[in-house]
Amino acid sequence: MNSKLPTTGTTIFAVMSNLAHEHKAINLSQGFPSFNPDQALLDLVTHYLNNNGNQYAPMVGVPKLRQSIADKVSMLYGRSVDPDTEVTVCDGATEGLFSAIQATVHPGDEVIIFDPAFDSYEPAVTLAGGRTVHIPLIETEANPDYHIDWERLESAINERTRLIILNFPHNPSGVILESEDLDRLAEMVRNTNVYLISDEVYEHIVFDGAEHQSFIRHDELWERSFVISSFGKTYHATGWKVGYCVAPPALTNEFRKIHQWVCYAVVSPIQYAIGDYMASTPEHYKALPIFYEEKRDRFCDLIKNSRFIFRPSKGTFFQILDYSEITDEDDTSYAKRLTREIGVASIPVSVFCEKVPSSRELRFCFAKDDDMLEKAAERLCRL
Ligand code: PMP
Ligand code: GLN
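The numbering of the sequence shown is the working numbering, which starts it at 92 and goes up by one.
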């Protein structure tokens, strides 16, 4: 068969989770919590399963859920969005990203992404006939955290550039944006026809008192942005695959044209349940930064005497560990070897990059119960 994605293999998340399963390793690779959603949310799902919540939801999403999303956006990011024309519930952030990319990219268009980049972006651009332009995030002496190379971005934007995809808090590094970064980006796309996708699935997981810089906050960026989020991260329910896209009416209109042919509508009992839960229990997402900050601190404390080098993550539920003091081995082989030999699975960072970076880094998910983190850390400290 003449493949439409000839260079695509199996996603690293399936590869590493399968390997972890095969070797009964502690799985800190694929990002999912080891704990359940709040019982009150599970009870709401059960309620709707038993009370007529099982037929097709509206194509754009259940009204109560879209209203709850709009209320949250207004409370947190200070913008009043219309749930009927600016909010669409989608089949996880993955579908939201895919549909936003199909809605914007025409054959021959260029799409800028920042490496390391989440692995679903590029194939979606390729299927739309676009070309992905990779710009590596850089680490400098002045700023040792991964950050945007603004000069390189400026020189990459040209009349073929249709879309820039950003993801902060950033998977895999956990870095976040400052409000000045949003202003700088706005300057760069001013007077262009460039759209933006802001992948904000970790919007509620930002540490050390920092504020999440949603593109929804920023008047200029908002006009050209599809902001995508996921309930999987926020409610400890990655398997539900329910997310949403918030975008101005003209963009939402085009987004929905694609969304209706990709999946038409999204699982209904879970939408009814989240709609109620979000409205009644806003304290859940307000408490999430502290909940995960404690997990981060626990994990970092447990491995502080290991030979890994790290700076504590600023957001997400991932911690990058640099293993250059331990071995020179490439990250994919090393991640697989650690899974087989010490029983701890992680994600090699180079799979998110077009050009294999010289750094030696693995990503570990700390959305796990303490005993799992303790066991994993104990093994990592032996290296
Ligand atoms: N974007 C990023 C940066 C992610 O880490 C993930 C992981 N789940 C997704 C998108 C996809 O989210 P979902 O599971 O809701 O499709
Ligand atoms: N977002 C998750 C991660 O980064 C995995 C998502 C997936 O398996 N597609 O680990």
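Each residue gets a CB set at the ideal place from its N, CA and C atoms; glycine is no exception.
Contact between the region 332–346 and the region 174–192 is present: three or more C-beta pairs spanning the two stretches fall below 8 Å.
Asn262 counts as buried, since no fewer than 16 other beta carbons sit within 10 angstroms of its beta carbon.
Remark: C-beta atoms of Phe409 and Asp206 do not approach each other more closely than 8 Å. The nearest non-hydrogen atom of the ligand GLN is 7 Å or more from the C-beta of Thr325. Put simply, of Phe457, Arg157, Asp461, Ala467 the residue whose alpha carbon is nearest the alpha carbon of Gly265 is Phe457. Inclusion of Glu245 and Val224 in the CB contact set at 8 Å is not warranted, their separation being larger than that value.
Under the three-pair Cβ rule at 8 Å, the region 362–382 counts as touching the region 283–301. DSSP places Cys444 in no alpha helix (DSSP H); its state is neither H nor E. Separation of Leu228 and Tyr237 (C-alpha to C-alpha, rounded to the nearest whole angstrom) is 5 Å.
One alpha carbon belongs to Glu345, the other to Glu420, and they sit about 46 Å apart. Buried is the label assigned to Val153, since at least 16 other Cβ atoms lie within 10 Å of its Cβ. Asp290 carries a strand assignment under DSSP once its states are collapsed to helix, strand and coil.
Distance from the CA atom of Gly122 to the CA atom of Ser359, rounded to whole angstroms, is 24 Å. The region 310–320 makes contact with the region 278–292: 3 or more CB pairs, one atom from each, lie closer than 8 Å. In the displayed model, Phe317 falls within a strand according to three-state DSSP. Ranked by Cα distance from Arg428, the first of Ser449, Val447, Leu453 is Leu453.
Bounds of any alpha helix (DSSP H) do not take in Gln410; it lies within the beta strand (DSSP E) bounded by 409–413. Remark: C-beta atoms of Leu218 and Ala467 do not approach each other more closely than 8 Å.
Apart from sequence neighbours up to five positions away, the residues of its chain that approach Ala148 with a beta-carbon distance below 7 Å are Ala356, Val357, Ser359, Gln362, ordered along the chain.
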